[in-house]
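Working notes, structure below.
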Amino acid sequence: MRKLLLILPLLPAIALANPQMPDEPPLLPEISLADPQMYGEPPFGGMPPSKHHRSGHNEDHLPGFLHQLDLGETQQSEIKALVKAHRAELDAKLKNAISIGKEIHQLSFSNDYSDDKIQALLDKADAIHKETALQKARLDNAIFKLLTKEQQEKLQSKMAHFED
C-alpha cells in the first residue's frame, strides 16, 4: 500500500512524459457523454453514471468508509467540519503537485533538461505526497476518535473485510 501511495503522484508525470503523437490513434476511445446507446436517452440517461468526478467539493458528504455506521447528527456535523477544515490545505497541496507535474513535462521537452532538475522536482513531489498522506491519516484518526466504541468496531471489521 505504501508503494502505491508513493507512486500515485508520479502518474501524471509518467502520462505526460509520453504524449500522443498527431498520427497515432487515440489510446482510449472517445466516448460522447450523451451517447444514447451507452447511457440511454435523456430524461433518465444521457450522462455516465458517475458521481465521484464532479467539479468542486461538497462538504455535505461524509467519507465513504462512514456509510452504514448509523452516525448521530452531532457526529455528522463534527466530521463534516473536520473534512471542511482539511479540504483547503489538501487542495493547495494538490495544486502544488499538479504544477510540479507540469514543470516536469515542460522540462522533459526542453533543451534545459537535466536529470538533476527532474530529480529535484520528483523529490518535491515525494515530499508533498508524504505530507498529504500524513494529513489524511491524521484526519482519518480524528474521525475515528469521534466514533463510539461500537461504531469503531464495526468500521474495523468492515475494513478488515476489504483487506482480505
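For the sequence shown, the residue numbers in mature numbering (1 follows the signal peptide of the UniProt record, and there is no 0) are -17 to -1, 1 to 147.
In this text, a Cβ means the ideal position worked out from N, Cα and C, and glycines have one as well.
Status (buried if at least 16 other CB within 10 Å, exposed otherwise) for residue i
i, result
"P(-9)", "buried"
"T115", "buried"
"I126", "buried"
Start-to-end residues for the alpha helix (DSSP H) that takes in residue i
i, result
"S97", "Here S97 belongs to no alpha helix (DSSP H), and DSSP marks it neither H nor E."
Contact check, residue i vs residue j, beta carbons under 8 Å
i, j, result
"residue 157", "Q118", "The requested residue 157 does not occur in the structure, where the chain is confined to residues -17 to 147."
"Q59", "L45", "yes"
"L129", "E61", "yes"
"I83", "L104", "yes"
Proximity test, Cβ basis, 8 Å: residue i and chain C
i, result
"D98", "Among the chains of the structure shown, chain C does not appear; only one protein chain is present."
Below 8 Å, can you find three or more Cβ-Cβ pairs linking the region 51 to 59 to the region 125 to 135? yes
Touch check for the region 103 to 115 and the region 79 to 88: three-plus C-beta pairs under 8 Å? Cβ pair count under 8 Å is three or more, so yes.
Which runs of the alpha helix (DSSP H) spanning at least 4 residues fall entirely within the region 41 to 67, listed in chain order? The region 41 to 67 contains no whole alpha helix (DSSP H) run of 4 or more residues.
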